[in-house]
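Asks:
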């Protein structure tokens, strides 16, 4: 079925973009944000238990689709407009004509509220909320509504990504370089044992290990 006008064509594209269940779920999750921030989409997919290897490609595919639809909307908006259309456009863009929203970690942004710039100079985004509705900038704990954010400069591709340390449990369970997990057994309902080995493990080494365990057993029995 062919669209009979520009608006219907855009509506048809939006409908097609919602056909994949994942895209529909993401649009509902970030309702009101035409193009959600990448970090918010990634966080949501990870928390939903999405396949880790597919999280970033899926997020990119969704955001590329939404960006394409928004670009079409922008292209169709050029030309003659009624005064009502102009007012509507003004509600979606700042005083400099740039659209609101779409900020990601590392971007330089300005905050415009009720037509007044709130920051003395553009500042870099250090945090985006999981729902994509709020951001925070470097040197400030104040939450800034995404709907009032103007992206002045996108983060460069060389921007260093944040580091997220492993949990203490993950660090404890991860063999160091050269080690292998030689044995893993359950000793009780709440007790598990893992044997990590670096080097050769033959009958002689196993015999020494048994003697060490027997000595430890005697120490515990005496206590």
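Residue numbers (our numbering): 22 to 244.
No residue lacks a Cβ here, since even glycine has one placed at the ideal position from N, Cα and C.
Being a predicted model, the structure only gives us computed values, none of them experimental.
Considering only the alpha carbon of each residue, which of 165, 62, 198, 209 lies closest to residue 140?
Replies: Scanning 165, 62, 198, 209 for the CA closest to the CA of residue 140 turns up 165.
Asks: Counting pairs of Cβ atoms below 8 Å between the region 125-139 and the region 44-62, do you hit three or more?
Replies: yes
Asks: Using 10 angstroms around the beta-carbon of residue 234, count the other beta-carbons present and answer buried if the total reaches 16, otherwise exposed.
Replies: Flag for residue 234 reads exposed.
Asks: Which term fits residue 87, buried or exposed, when burial requires 16 or more other beta carbons within 10 angstroms of its beta carbon?
Replies: buried
Asks: Can you tell which of 90, 51, 74 has its C-alpha closest to the C-alpha of residue 29?
Replies: 90
Asks: Since residue 213 sits in a beta bridge, which residues does DSSP pair it with?
Replies: DSSP lists 207 as partners of residue 213.
Asks: Counting beta carbon pairs with one atom in the region 157-176 and one in the region 67-83, are three or more of them shorter than 8 Å?
Replies: no
Asks: Mind checking whether residue 138 and residue 160 have CB atoms under 9 Å apart?
Replies: no
Asks: Where residue 108 and residue 136 are concerned, what is the direct C-alpha to C-alpha distance, given to the nearest angstrom?
Replies: Caution applies to residue 108, whose pLDDT of 44 falls short of 50 and renders its modelled position unreliable; the model cannot decide the point.
Asks: Does DSSP classify residue 240 as helix, strand or coil?
Replies: The answer is helix: DSSP assigns residue 240 an H, G or I state.
Asks: So the beta strand (DSSP E) residue 148 belongs to, where does it begin and stop?
Replies: 144-149
Asks: Residues in the same chain with beta-carbon distance under 6 Å from residue 154, minus the five sequence neighbours each way, listed in chain order, please.
Replies: 167
Asks: Could you give the DSSP three-state label for residue 107: helix, strand or coil?
Replies: Its pLDDT being 41, under 50, residue 107 is placed unreliably in this model, and the coordinates cannot settle the point.
Asks: For residue 201, count the other beta carbons within 10 Å of its own beta carbon; 16 or more makes it buried, fewer makes it exposed. Which is it?
Replies: exposed
Asks: Which whole-angstrom value is the C-beta distance of residue 130 and residue 158, which I expect to be below 8 Å?
Replies: 7 Å
Asks: Less than 6 Å between C-beta atoms, sequence neighbours within five positions excluded: which residues of the same chain meet that for residue 205?
Replies: 215
Asks: From what residue to what residue does the beta strand (DSSP E) around residue 172 run?
Replies: 170-174
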